[in-house]
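Report on one structure; see the data block that follows.
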Amino acid sequence: MPKPPKPQPSDLLPKYIVEGLQKQDSETLRAVADYAQELRVYRAAQAETDRETAVGTHHSEQATANELVARAQSKGISDDSADWNAIVEKGVPAKASIVTKTISDNQYYYFQWREGDRIKSEYIAPVSPQ
Numbered sequence: 001m002p003k004p005p006k007p008q009p010s011d012l013l014p015k016y017i018v019e020g021l022q023k024q025d026s027e028t029l030r031a032v033a034d035y036a037q038e039l040r041v042y043r044a045a046q047a048e049t050d051r052e053t054a055v056g057t058h059h060s061e062q063a064t065a066n067e068l069v070a071r072a073q074s075k076g077i078s079d080d081s082a083d084w085n086a087i088v089e090k091g092v093p094a095k096a097s098i099v100t101k102t103i104s105d106n107q108y109y110y111f112q113w114r115e116g117d118r119i120k121s122e123y124i125a126p127v128s129p130q
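Position 83 of the sequence shown, counted from 1, bears residue number 83 in the UniProt record's numbering, the numbering being contiguous throughout.
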């Protein structure tokens with residue numbers, strides 16, 4: 001019976017892994033193969049979980065943006081007067097209140113909310129756009 005040809009490693013495998021595997025006995029190689037398969041399944045499941053989390057985060061951010069826009073519209077602020085996605089990305093929570101600030105005799109709308117002991121705010125738009 002002819003001797004089977006020596007398997008050729010994939011070019012994707014680092015040299016140190018190939019050299020290490022070539023030094024192992026059959027039992028260890030079987031354990032490595034089992035572990036590699038389990039790791040592949042785990043990573044695929046983790047990637048799916050990460051995708052689902054990203055989709056959930058997007059929906060949550062969209063809901064927050066919609067809520068902030070609705071609150072602004074109830075105060076007479078037009079929905080095209082601000083970059084709502086940028087406001088949400090800056091961390092403005094849905095619970096934020098709308099306040100008016102006067103700076104140099106001009107009035108501006110801001111979202112304002114509390115984080116721990118600090119009060120934070122984020123600019124929305126001028127009260128009377130020009």
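In this text, a Cβ means the ideal position worked out from N, Cα and C, and glycines have one as well.
I believe S121 touches Y110 by the beta-carbon criterion, under 8 Å. Please report the beta-carbon distance rounded to the nearest angstrom. The residue given as residue 121 occupies position 121 in the sequence shown. The residue given as residue 110 occupies position 110 in the sequence shown. Going by Cβ atoms, the distance from S121 to Y110 rounds to 4 Å, so yes, they are a contact pair.
With a 10 Å radius around its C-beta and 16 neighbouring C-beta atoms as the bar for buried, classify residue 139 as buried or exposed.
No statement about residue 139 is possible, as the shown extent of the chain runs from 1 to 130 and does not include it.
Roughly how many whole angstroms lie between the Cα atoms of A31 and Q8?
What you label residue 31 is simply residue 31 of the sequence shown in a count that begins at 1. What you label residue 8 is simply residue 8 of the sequence shown in a count that begins at 1. About 20 Å.
For D34 and T28, the rounded distance between their alpha carbons:
Reading the sequence shown from its first residue, position 28 is the one you call residue 28. Reading the sequence shown from its first residue, position 34 is the one you call residue 34. Rounded to the nearest angstrom, the two C-alpha atoms are 10 Å apart.
request  = Tell me whether V92 sits in a helix, a strand or coil according to DSSP, three-state version.
outcome  = Here residue 92 refers to the residue found at position 92 of the sequence shown. Three-state DSSP puts V92 in coil, outside helix and strand.
| What residue from T102, A94, V127, S104 has the CA that sits closest to E115's CA? | Here residue 115 corresponds to residue number 115 of the sequence shown, with the count starting at 1. For the residues T102, A94, V127, S104, the minimum Cα distance to E115 belongs to A94.
- Task: Would you mind reading off the limits of the alpha helix (DSSP H) that contains K15?
- Result: Reading the sequence shown from its first residue, position 15 is the one you call residue 15. That run of the alpha helix (DSSP H) goes 15 to 22.
Just to confirm my understanding: we take K3, look at its own chain, exclude 5 residues before and 5 after, and list those with CB closer than 6 Å. What are they? For this step, residue 3 is matched to residue 3 along the sequence shown. Excluding residues within five positions, none has a Cβ falling inside 6 Å.
Mind checking whether W113 and A96 have CB atoms under 7 Å apart?
The residue you call residue 113 lines up with position 113 of the sequence shown. The residue you call residue 96 lines up with position 96 of the sequence shown. Yes, these two residues count as a Cβ contact at 7 Å.
Rounded Cβ spacing between residue 132 and A65 (contact assumed at less than 8 Å):
Residue 132 lies beyond the residue range present for the chain, which begins at 1 and ends at 130; the question has no answer from this structure.
I need the straight-line Cα distance from E38 to R71, nearest angstrom please. By 1-based counting over the sequence shown, the position of residue 38 is 38. By 1-based counting over the sequence shown, the position of residue 71 is 71. So the alpha carbons of these two residues sit roughly 49 Å apart.
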